[in-house]
Amino acid sequence: MMSSPCWLDWSEYNAAAGPCWACFHNNCEPCCGEPCNFMDGLYCCMCWWCCSPCLTAKYWASQVEQPCACVNHCLPLIIIYFISGYLMNIPVIMFNMMLRYNARLEAGVFETPDTIDKYVGDCFLPCCCLTAPCAGCQQLRAVPRSHWDCCGQLMGEEGFVCMEQDWKFMRVPGSKTMN
Numbered sequence: 001m002m003s004s005p006c007w008l009d010w011s012e013y014n015a016a017a018g019p020c021w022a023c024f025h026n027n028c029e030p031c032c033g034e035p036c037n038f039m040d041g042l043y044c045c046m047c048w049w050c051c052s053p054c055l056t057a058k059y060w061a062s063q064v065e066q067p068c069a070c071v072n073h074c075l076p077l078i079i080i081y082f083i084s085g086y087l088m089n090i091p092v093i094m095f096n097m098m099l100r101y102n103a104r105l106e107a108g109v110f111e112t113p114d115t116i117d118k119y120v121g122d123c124f125l126p127c128c129c130l131t132a133p134c135a136g137c138q139q140l141r142a143v144p145r146s147h148w149d150c151c152g153q154l155m156g157e158e159g160f161v162c163m164e165q166d167w168k169f170m171r172v173p174g175s176k177t178m179n
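Counting in UniProt numbering, the sequence shown runs from 1 upward without gaps.
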């Protein structure tokens, strides 16, 4: 049974993530605090506005169940952004597709085998300027704040990690973090 075109609505699998458009209905938890409040919302907004490459690296590392490491996550992201200017933005598009795919698996929105419309959504939603902000908010609602808050890692027990031994790019279907 198809939940929505291109799997815009994750409510059936992950109530916190909900539909892609839920941010317009004051549904910004847990990203903007639980319950949603101004200070946590401001923190989230300012972090993503000012430090999005760092937070994206941390978010990607959390998706593959690793601490954010400089060599494994930050350096590849810098390379992707640098070469995208020469390759018509294709590396950034592919990376955003991978992040959406990983987020969907992390939120528990998968079946075996996955249907093609889910992959179409993974491709289209993060790359279209009209849908990318809503898709990004949906992905952030599906995970706890600790999954993208790189300051939390730096000030916590893990601290600065130079390199992880294992290189992981994509999440394997099967393990769920929130519901």
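For glycine and all other residues, C-beta sits at the position ideal for the given N, C-alpha and C.
Say yes only if the C-beta of residue i is nearer than 7 Å to one or more non-hydrogen atoms of the ligand SAH, and no if none qualify.
i, result
"Thr56", "The model depicted lacks the ligand SAH and carries no ligand whatsoever."
Using DSSP with H/G/I as helix, E/B as strand and the rest coil, what is residue i?
i, result
"Lys176", "Confidence at Lys176 is low in this model, with a pLDDT of 49, below 50, so the placement of that residue is unreliable and no value is reported for it."
"Val161", "strand"
"Asp117", "helix"
"Asp9", "strand"
"Pro144", "coil"
"Pro19", "strand"
"Ala69", "strand"
"Pro30", "coil"
"Asp40", "helix"
"Tyr81", "helix"
"Thr56", "helix"
"Trp167", "coil"
How big is the Cα-Cα spacing for residue i and residue j?
i, j, result
"Cys45", "Asp117", "30 Å"
"Gly152", "Lys58", "10 Å"
"Leu8", "Cys32", "21 Å"
"Glu34", "Gln63", "21 Å"
"Trp10", "Gly85", "33 Å"
"Leu140", "Ala22", "12 Å"
"Tyr119", "Cys36", "31 Å"
"Trp148", "Met97", "17 Å"
Using 10 angstroms around the beta-carbon of residue i, count the other beta-carbons present and answer buried if the total reaches 16, otherwise exposed.
i, result
"Leu105", "buried"
"Val109", "buried"
"Val143", "buried"
Please return the same chain residues whose Cβ sits closer than 6 Å to the Cβ of residue i, not counting the five positions on each side in sequence.
i, result
"Thr131", "Leu125"
"Ser146", "Gly152"
Spatial neighbours of residue i within its chain, please: CB distance less than 7 Å, with the 5 preceding and 5 following residues excluded, ordered by chain position.
i, result
"Thr56", "Leu77"
"Ile83", "Pro91"
"Trp60", "His73, Leu99"
If you drop the 5 nearest sequence neighbours on each side, which residues of the same chain put their C-beta closer than 8 Å to that of residue i?
i, result
"Tyr101", "Tyr119, Asp122, Met170, Arg171"
Inset, instruction - Determine contact between the segment 153-166 and the segment 88-101, defined as no fewer than three beta-carbon pairs at a distance below 8 Å. - result: no
Inset, instruction - Spell out a yes or no on whether the segment 69-79 and the segment 161-172 are touching, meaning 3 or more CB-CB pairs, one atom from each, closer than 8 Å. - result: yes
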